[in-house]
Amino acid sequence: MNSKLSSAIGFAMKAGRLKSGDFVTEKLLRAKGAKIALIDRTASDNTKDKYRDICKYTGIELIEIEELGRWIGKPGRMVAAVTDEGFTQMIRRALAQETTEPK
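All residue numbers for the sequence shown refer to my numbering, where the first residue is 336 and numbers rise by one.
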């Protein structure tokens, strides 16, 4: 688990800049009110396909991560949207750092 990535996602949630759940996330993405979308790696193929299609259509980046629900304190949540550019950049930096760190 990447502690910086989980912290960034948790901070966005606590600040009210991350909205989770299928209905709210889809609504934000379609209205282009989201900066990025997050989806749990364990989400069903249908859910992943749905959000890939929505994000492709709207031009919003979709990031697949581990343990989304646990990181935001809502186990079982498979999708979320970040509405703030500052938190979006924080999440992208943490994700980039995770992919460049040796395992």
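Just so it is clear, CB atoms sit at the ideal spot from N, CA and C, and this is done for glycine as well. Small disclaimer: the values here were computed from a predicted structure and weren't measured.
Between the alpha carbons of residue 388 and residue 424 lies a gap of roughly 23 Å.
For residue 399, DSSP records a beta bridge to 374. Secondary structure at residue 354: strand, using DSSP grouped into helix, strand and coil. A Cβ-Cβ distance of about 4 Å is found for the pair residue 339 and residue 429, placing them in contact under the 8 Å criterion.
In this structure, DSSP gives residue 415 an extended state, which the three-state scheme calls strand.
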